[in-house]
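Trainee: Structure in structure tokens, see below.
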Amino acid sequence: MPESEGTSDAEVERHHVVAQWTREIIHTSYVAMGRPEIEAFLAKCFEDVLAACDGPLESARQVGVRLVGVHFTNPVVVHKTLNHLASALPAHREVDQARLVDVLGAVGSGFAGALREQTLDEQEIIKQSVLDARDAAEEALRASEARSRAVFLSSALGIAIVTLDGVIDEINPSMTRIFRLGSEALVGRTIFDLADTSWIGELTVANADLVRGEVDRYQLEIRYTEQHGSHIWTQLSASLVRDANRAPDYLVMLYEDITDRHMLQEQFRRQAVHDPLTGLPNRTQLQTSMERALEPSAPGRRVGLCFFDLDGFKAVNDSLGHPVGDQLLRAVAQRLQALTAEFGALAARMGGDEFVVLVPDTDGAAGLVGQVEKMLSEVTRPARIGAHELSASASVGIVERPVAGTDAESLLRDADITLYRAKQDGRAQWVLFDAALNAEARDRFRLSAALPAALEQGELFVEYEPARLLHDRSLFAAAADIRWDHPEFGELGQESFLDLAEETGLITRLGSWALGEVCRHAARWTERFGERAPVAAMNLSHRHCRDPELVNDVQRILRETGLPAQSLALGMPESALFDHQGDPVDTVEIFAEMGIRLVVYQFGDDYTRVARLRGLPLFGVRIDGPHLDGFADPEGPDPLDEYLLGAAAGAAELMDLPVVAGGVHDELQAERLHALGVCSAIGAFAGERVSALELEQLIAEQG
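In the UniProt record's numbering, the protein residues as written are 1 to 703.
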């Protein structure tokens, strides 16, 4: 297929796939077609296989049939074809591992079935030739006898003439090649000597039916193990020859060597249930093993599942490259596999840097924890990877429970959530399943999963906390508070889901939406009340502050809503004001030049960094935290809290930065904070949280 200006990238890529396929198999078979015809044939085959990825598997099976039909029958053909398709298909179709295995299996099944039918047709010819050579020798022409004998001697199939009691009477040369035995070792033996013990029962039954004349032929797959331990797989086709009176006379056994085909099938079966990188069982094999481990075969049976995740593995890939990371994964997998073999357990790779260890028949949580600690010790042992000595740490979620009343899905889910808790608690440790804590974590997962849809479906809304100046109690600002009207959990505050949005990366989209809502509300206040309108304040998360599109988004939103920049205050965490080298980020200067008021929240959390705020174009700072609660106590605050807050307020005053305090409950607390230098307050003292319309009423009432 020539490439031209009208050829799409997808078509060019498919042409390359077909050309590579042609090069891989063109020398393995000899057919009466030139290279262009072969490429056209394989291009149609590739289209049919692509169609099978999301359609009926029959089109993939027919590809295997057509390969045999054009005499691509060398076993290497199907091996190269399946390997080539396995690597090429995912680039052209979004197809999961299970579907890919089904499609490749259908191609192999079609090839094997067509080849079997072709073989059976040839076997009928051979059988007739044998009959002619054996039973009609005196009546056949000399030339016909010679041809029959030639077929018998030159056939690639092993042919044995066998008595009715199963003794081999005569063989052709292919029998010695297939079974790697001389003719003297084969003639005189029985056909049962050419089958392993596990296959003799089925062979005996089938052969007895044939000898009695109840059937005229049978076909079996037989395994034979030679003296060196190698397995020989054959397709045995047996036919009954009758005498002139139609009575059973003798048997013709045709042996086809299918060892290579069987090994290829075994290889694909193994690939379907094993991870290609580490060789460990994959999710599919783990699922099967879990179902066996959860069978209540004995009263009180227990099971354990340990979910491992390597800590900081991404840093290894990013700094040393994926080949080094892959070697580290293989080293970890080998260590886990060796230890789990001692425990009678199964180690599987879930993907990425995650591993699962299934421990059937545990003797309790304490014993399982001991095994996990041994595995952690082995996993964290330094590994020499090329010129690097790497130490991998891991977090582990452990679930150990009775088999009764559990299932594979809940077992794996609880282990995954417990692992999440382990990583939240600091990593490089194990955490044992706790029903209450896991339920809380599960709710967080559900909120995280539902948050994108909630944003799309309008379940989120913005309310405001009034901010009042302490010297005259006037309303001067309104702090945005994002709420979620959840259909199951009711109304949720932003403390329930903003950190989830930060973890998942949704915070940028959520923050842009909220900023648009805040500016739209504030534009209405400004239009109605002019200079009396409060400043609209909204905190940006650390991740949102790092968004390269933040400045453009803010400019667009201000332009679309018509809100003056000086009517907007943006809160930024102190750490987001500086880059990795400790220099102020450009965003600070840009926002200041636009007229936006910048407020530093979490001020004073790290006193060693306060001084670097000096000289930045800031509007103020905000302090929050439980240490403010003591100022509402009639007996007064803790002296240390008073000292620390006074130091923070004093530092802000030296930098000429007004201080706003959050969580101010009452008049007493407000007066004490004012005495320390706090200028304004947010909380119950300043007014309860209200909607945008309710805030308009407050502004109007203030006059």
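Don't be surprised by glycine CBs; every beta carbon is placed ideally from N, CA and C.
Exposed or buried, D275, counting other C-beta atoms within 10 Å across all chains shown (16 or more means buried)?
Mentor: Counting Cβ neighbours within 10 Å, D275 comes out buried, since at least 16 surround it.
Trainee: Taking the alpha carbon of F461 as the point to measure from, which residue in E226, G229, R246 and S691 has its own alpha carbon closest?
Mentor: Closest by alpha carbon: S691.
Trainee: Sort out for me which residues DSSP pairs R384 with in a bridge.
Mentor: Bridge partners of R384: E389.
Trainee: The alpha helix (DSSP H) spanning M175 covers which residue range?
Mentor: M175 -> alpha helix (DSSP H) spans P173 to F179.
Trainee: Using the rule of at least 16 other Cβ atoms within 10 Å of the residue's Cβ for burial, across every protein chain shown, is L437 buried or exposed?
Mentor: Classification of L437: exposed, given that the 10 Å Cβ count is below 16.
Trainee: Go through its chain and collect everything with a Cβ distance to G516's Cβ below 6 Å, but skip five positions before and after it.
Mentor: Taken in chain order, the residues that qualify are I557.
Trainee: I'd like the span of the beta strand (DSSP E) that includes S239, first residue to last.
Mentor: Looking at the DSSP string, the run of the beta strand (DSSP E) that includes S239 is H231 to R242.
Trainee: With distances taken Cα to Cα, identify the nearest neighbour of L186 among S198, R212, T204 and G158.
Mentor: Taking only the C-alpha atoms, the option nearest L186 is G158.
Trainee: Below 8 Å between beta carbons: does that hold for E400 and T340?
Mentor: Not closer than 8 Å, so no.
Trainee: Taking the continuous alpha helix (DSSP H) assigned at S297, which residues delimit it?
Mentor: Taken as a continuous stretch (DSSP letters only), S297 belongs to no alpha helix (DSSP H), as it is neither H nor E.
Trainee: Along the chain, where does the alpha helix (DSSP H) containing residue 718 start, and where does it finish?
Mentor: Examination of residue 718 is not possible in this model, given that the chain is present from 1 through 703 alone.
Trainee: Assuming contact is defined by CB atoms lying nearer than 8 Å, are T380 and S391 in contact in what I supplied?
Mentor: Closer than 8 Å, so yes.
Trainee: Looking at the secondary structure, which residues open and close the alpha helix (DSSP H) in which N282 lies?
Mentor: Taken as a continuous stretch (DSSP letters only), N282 belongs to no alpha helix (DSSP H), as it is neither H nor E.
Trainee: Less than 8 Å separating the beta-carbons of A648 and A537?
Mentor: The answer is no: Cβ separation not under 8 Å.
Trainee: How about G300 and L368: do their beta carbons lie closer than 8 Å?
Mentor: No, these two residues do not count as a Cβ contact at 8 Å.
Trainee: Drop a sphere of 10 angstroms on the beta-carbon of T418, count the other beta-carbons inside from all chains shown, and report buried for 16 or more, exposed for fewer.
Mentor: Per the 10 Å Cβ criterion, buried.
Trainee: Taking 8 Å as the threshold (C-beta atoms), are F46 and R17 in contact?
Mentor: Here the sequence assigns Val to residue 17, which means Arg is not the residue at that position. Against a cut-off of 8 Å, the Cβ pair of F46 and V17 comes out as a contact.
Trainee: Three or more C-beta pairs closer than 8 Å, one from the stretch 334-349 and one from the stretch 414-434: is that the case here?
Mentor: No: the two stretches stay apart, fewer than three of their Cβ pairs being nearer than 8 Å.
Trainee: Compute the beta-carbon to beta-carbon distance between M253 and L240, rounded to the nearest angstrom, for a pair I have assumed lies under 8 Å.
Mentor: Wrong, their Cβ atoms sit about 11 Å apart, outside the cutoff.
Trainee: Quick one: residues in its chain with C-beta nearer than 6 Å to the C-beta of E653, no 5 flanking neighbours on either side, listed in chain order?
Mentor: G677, listed in sequence order.
Trainee: Can you tell me which residues form a DSSP beta bridge with Q287?
Mentor: Q287 is not bridged to any residue.
Trainee: Please check the pair L82 and L104, which I expect to be a contact at CB under 8 Å, by giving their CB distance rounded to whole angstroms.
Mentor: About 5 Å; that satisfies the 8 Å criterion.
Trainee: Between P248 and V76, what straight-line distance do the alpha-carbon atoms span, to the nearest angstrom?
Mentor: Using only the alpha carbons, I get a separation of about 40 Å.
Trainee: Identify whether A345 lies in helix, strand or coil by the three-state DSSP scheme.
Mentor: Coil, per DSSP.
Trainee: Please report how far the alpha carbon of L50 lies from the alpha carbon of Q271, in whole angstroms.
Mentor: If you take the alpha carbons of L50 and Q271, they lie about 20 Å apart.
Trainee: Assuming A533 and I682 make a contact with CB atoms under 8 Å, what is their CB distance in whole Å?
Mentor: Contact doesn't hold; Cβ gap of about 17 Å is too wide.
Trainee: Can you tell which of L329, L673, A112 and P626 has its C-alpha closest to the C-alpha of G646?
Mentor: For G646, the nearest C-alpha among the options comes from L673.
Trainee: My output table needs one value for L251: the three-state DSSP class, helix, strand or coil.
Mentor: The answer is strand: DSSP assigns L251 an E or B state.
Trainee: My assumption, with CB atoms under 8 Å, is that Q494 sits in contact with I507. Please give the rounded CB distance.
Mentor: About 11 Å; that fails the 8 Å criterion.
Trainee: Less than 8 Å between the CB atoms is what I'm expecting for A150 and S174, so what's the real figure, rounded?
Mentor: Contact doesn't hold; Cβ gap of about 13 Å is too wide.
Trainee: Which whole-angstrom value describes the C-beta separation of G505 and L540, a residue pair presumed to lie in contact below a C-beta threshold of 8 Å?
Mentor: G505 to L540, Cβ: 15 Å. No contact.
Trainee: Short check: CB of L89 to CB of C53, under 8 Å?
Mentor: Yes, the Cβ-Cβ distance between L89 and C53 is below 8 Å.
Trainee: The beta strand (DSSP E) that contains P584, what's its start and end?
Mentor: Where P584 is concerned, there is no enclosing beta strand (DSSP E), given that its DSSP letter is neither H nor E.
Trainee: Under DSSP, the alpha helix (DSSP H) around E671 begins and ends at which residues?
Mentor: Per DSSP, E671 belongs to the alpha helix (DSSP H) from E667 to A675.
Trainee: Can you give me the start and stop residues for the alpha helix (DSSP H) that M375 sits inside?
Mentor: Looking at the DSSP string, the run of the alpha helix (DSSP H) that includes M375 is A365 to V379.
Trainee: What first and last residue would you give for the alpha helix (DSSP H) that runs through G620?
Mentor: Where G620 is concerned, there is no enclosing alpha helix (DSSP H), although the beta strand (DSSP E) it sits in stretches over G620 to I623.
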